Amino acid sequence: MTSPALPRIAVCGISLEASTFSPALTTAAMLSPRRGREVLDAWPFWSAGGSLAARADWIGILQARNIAGGAIPADDYAQLMAEILAGLVAAVAEAPLDGLVLDIHGAASVVGLDDMEGDLAVAVRAVVGPDCLISSGMDLHGNVSRTLAETVDLLTTYRTAPHVDWQETKERAVTNLVERLALPAGRRRPAKAWVPVPILLPGEMTSTRQEPAASLYARVPGIEALDGVLDAGIWIGYPWADEPRNCAVVMVVGDDPDLAMAEATGLARDLWARREEFGFVAPTGSLEEVLAAAIASPVRPYFISDSGDNPTAGGAGDVTWTLAELLASEELAASGKRAVYASLPDSHGALAAAEAGVGADVRLTLGARVDDRPAPPVQVAGQVVAVVPGEDNLEVVVRTPSVDVIVTRRRRPYHLEGDFTRLGLDPRSADIVVVKIGYLEPELFDMAADWMLALTPGGVDQDLARLGHRRVQRPMFPLDDVSGVDPVAGAVLFPGDTAS
Numbered sequence: 001m002t003s004p005a006l007p008r009i010a011v012c013g014i015s016l017e018a019s020t021f022s023p024a025l026t027t028a029a030m031l032s033p034r035r036g037r038e039v040l041d042a043w044p045f046w047s048a049g050g051s052l053a054a055r056a057d058w059i060g061i062l063q064a065r066n067i068a069g070g071a072i073p074a075d076d077y078a079q080l081m082a083e084i085l086a087g088l089v090a091a092v093a094e095a096p097l098d099g100l101v102l103d104i105h106g107a108a109s110v111v112g113l114d115d116m117e118g119d120l121a122v123a124v125r126a127v128v129g130p131d132c133l134i135s136s137g138m139d140l141h142g143n144v145s146r147t148l149a150e151t152v153d154l155l156t157t158y159r160t161a162p163h164v165d166w167q168e169t170k171e172r173a174v175t176n177l178v179e180r181l182a183l184p185a186g187r188r189r190p191a192k193a194w195v196p197v198p199i200l201l202p203g204e205m206t207s208t209r210q211e212p213a214a215s216l217y218a219r220v221p222g223i224e225a226l227d228g229v230l231d232a233g234i235w236i237g238y239p240w241a242d243e244p245r246n247c248a249v250v251m252v253v254g255d256d257p258d259l260a261m262a263e264a265t266g267l268a269r270d271l272w273a274r275r276e277e278f279g280f281v282a283p284t285g286s287l288e289e290v291l292a293a294a295i296a297s298p299v300r301p302y303f304i305s306d307s308g309d310n311p312t313a314g315g316a317g318d319v320t321w322t323l324a325e326l327l328a329s330e331e332l333a334a335s336g337k338r339a340v341y342a343s344l345p346d347s348h349g350a351l352a353a354a355e356a357g358v359g360a361d362v363r364l365t366l367g368a369r370v371d372d373r374p375a376p377p378v379q380v381a382g383q384v385v386a387v388v389p390g391e392d393n394l395e396v397v398v399r400t401p402s403v404d405v406i407v408t409r410r411r412r413p414y415h416l417e418g419d420f421t422r423l424g425l426d427p428r429s430a431d432i433v434v435v436k437i438g439y440l441e442p443e444l445f446d447m448a449a450d451w452m453l454a455l456t457p458g459g460v461d462q463d464l465a466r467l468g469h470r471r472v473q474r475p476m477f478p479l480d481d482v483s484g485v486d487p488v489a490g491a492v493l494f495p496g497d498t499a500s
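Every letter in the sequence shown is one number past the one before it in the UniProt record's numbering, and letter 433, counting from 1, is 433.
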């Protein structure tokens, strides 16, 4: 039985980072929808015994998410949207909703649609009505369109990249919502200053591990602490989608509209003034240059980021170009060093290797089933040294003369030491570890004796000029000459309830 003293808050959303430069598609099934109680159990703060569990009557609707991938087919999006809206209609029929948590990343794409998050927010708003407060905690690599900024009442975003604060951000979004709902009606909806900044940069150039992002993001808590400000954020945006909304955004939300706008435009101008300082988080080069450096290095493990097909940024994951180069490298073979390659998804190859069994010699044709633009399928001949079935995956290791190749039934990231050790591989003692990744996640970063980022081809190519954006707003840094551009020309203030 629900308590009339508690606000009724629904939870729903679609969360994905999707490259429109990849031929991959992300189906509804691949987004692994959770429903009802499963939605709530996924987050510790409102599950039983959590810090926010007793502060509202929580209603799980549908939450669909995946690490990253290609665009969602229109029919699949329509299917998920219909289920979300039907769930909200049923919830509203029982009693009005006071609040809604919209779980989004900010960089999802749908085939034929330019602004999935904005479209979803508008559709949700039409069901829950104008008095329901909507809150969202987003990825800083997401995009905030004008539609999204106007429709969602409370927006916040991560403040670190790598995203060590992602759970903290999600909880902050929910806490902000609960606390605003405790205010009297007519004083709940804050003003929002939205400032789009014409910058389009990859996350590997904007990590908060280094300047200028470190000091820019360090300013955010100080702005948030000002009297009259509720929240502040910098969305650096997502560069691997060619949509008009894609750019950086600064937002400040609070009860003092003038202060919110002043702080948002000030931070946006500082971001713009330091745009030329952004650089890659690691030394970069062609694969040939990076591999030569790794071979010559006296230290190990030497990590190489195969950045162009990073599955956690939206790459298809099965681009074979880098692996083919490693297998063909006479320099690697002559050096006596060995490399670990993580990884190549190929369900047929993984199943064939598993069927052959540990110790068997196999010859497999792998990869390029989704993205064959950079290179065709690659031939891998070697011995199966590990077969590890999982609940929803299958991983095998094929040992070739110079490279241990991890092959999976489904694409997945390799971000943790345990991802390797459970396959019988010791990344700490490896000479070279090549991972489909951009910046190294914390465990790999701490483990690496040295590291370079290879500018390899794929759907999330770090060389944005090679991708050929045609639909983003222009001029855009660094794609165009931006001399004379006013970085805050597009600033908008949404006054909210508290303007008076």
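Beta carbons are placed, not taken as given, at the ideal position from N, Cα and C, and that holds for glycine.
A quick note: this is a predicted structure, and the numbers were derived from the prediction, not measured.
The shortest CA-to-CA distance from G142 to any of D103, E417, P413, G36 is the one to D103. With a 10 Å radius around the Cβ and a threshold of 16 neighbouring Cβ atoms, G359 comes out exposed. Uninterrupted alpha helix (DSSP H) stretches at least 4 residues long and entirely within the segment 23 to 55 occur at 37 to 41, given in chain order. DSSP, reduced to helix, strand and coil, places A185 outside both helices and strands of the structure shown, so it counts as coil. The beta carbon of L467 sits closer than 6 Å to the beta carbons of F21, D461 from its chain, once the five residues preceding and following it are set aside; these are given in chain order. The beta carbon of H105 sits closer than 7 Å to the beta carbons of S15, L16, E17, M138, D139, G142 from its chain, once the five residues preceding and following it are set aside; these are given in chain order. Counting the other Cβ atoms within 10 Å of the Cβ of S402 gives 16 or more, which makes it buried. For M205, no alpha helix (DSSP H) encloses it, and the DSSP letter there is neither H nor E. Taking one beta carbon from each stretch, the segment 325 to 338 and the segment 407 to 415 have fewer than 3 pairs nearer than 8 Å; the two do not touch. Straight-line measurement puts the Cα of V397 at about 42 Å from the Cα of V174. Rounded to the nearest angstrom, the gap between the Cα atoms of P184 and L226 is 22 Å.
If you keep only unbroken alpha helix (DSSP H) runs of at least 4 residues inside the segment 59 to 101, you get 74 to 94. DSSP places M261 in the helix class (H, G or I) of the three-state scheme. Excluding five sequence positions before and after I67, the CB atoms of its chain that fall closer than 6 Å to its own CB belong to T312, given in chain order. Around the beta-carbon of V290, 16 or more other beta-carbon atoms lie within 10 Å, marking it buried.
Judged by DSSP secondary structure, R125 falls within the alpha helix (DSSP H) whose first and last residues are 116 to 128. For T147 and P376, the gap between their C-alpha atoms comes out near 41 Å. For the pair V362 and W272, the CB atoms are not nearer than the 8 Å cut-off. If you ignore the 5 residues before and after R275, its C-beta comes within less than 7 Å of the C-beta of I199, F477, all in its own chain and listed in chain order. Within the segment 206 to 293, the beta strand (DSSP E) runs of at least 3 residues that lie entirely inside it are, in chain order, 229 to 235, 248 to 254.
A check of alpha carbon separations from E355 across L113, A339, V387, G118 identifies V387 as the nearest. Here A121 really is in contact with V152; their C-beta atoms are around 5 Å apart, less than 8 Å. Distance from the Cα of G308 is smallest, within the candidate group A296, P239, G266, for P239.
The straight-line gap separating the alpha-carbon atoms of Y439 and Q167 is approximately 20 Å.
By the Cβ-count criterion, S145 is buried, with 16 or more other Cβ atoms from all chains shown falling within 10 Å of its own Cβ. In this structure S483 is exposed. Its beta-carbon is surrounded by fewer than 16 other beta-carbon atoms within 10 angstroms. Distance from the Cα of L394 is smallest, within the candidate group R369, R373, T400, R422, for R422. Within its own chain, the residues whose Cβ lies closer than 7 Å to the Cβ of P44, once the five positions on either side in sequence are excluded, are G50, listed in chain order. Per DSSP, the beta-bridge partners of L394 are P389.
Distance between R300 and T208, taken at the CA atoms: about 25 Å.
According to the DSSP assignment, F445 belongs to the alpha helix (DSSP H) that extends over 442 to 447.
The beta carbon of G233 sits closer than 6 Å to the beta carbons of T156, T157, M251 from its chain, once the five residues preceding and following it are set aside; these are given in chain order. Remark: C-beta atoms of G459 and A368 do not approach each other more closely than 8 Å. Beyond the five residues adjoining it in sequence on each side, L113 comes within less than 8 Å, by CB distance, of A74, Y77, D119 in the same chain, given in chain order. Here E263 is buried: its Cβ has 16 or more other Cβ atoms, across all protein chains shown, within 10 Å.
Here D361 carries a strand assignment [DSSP, helix/strand/coil].
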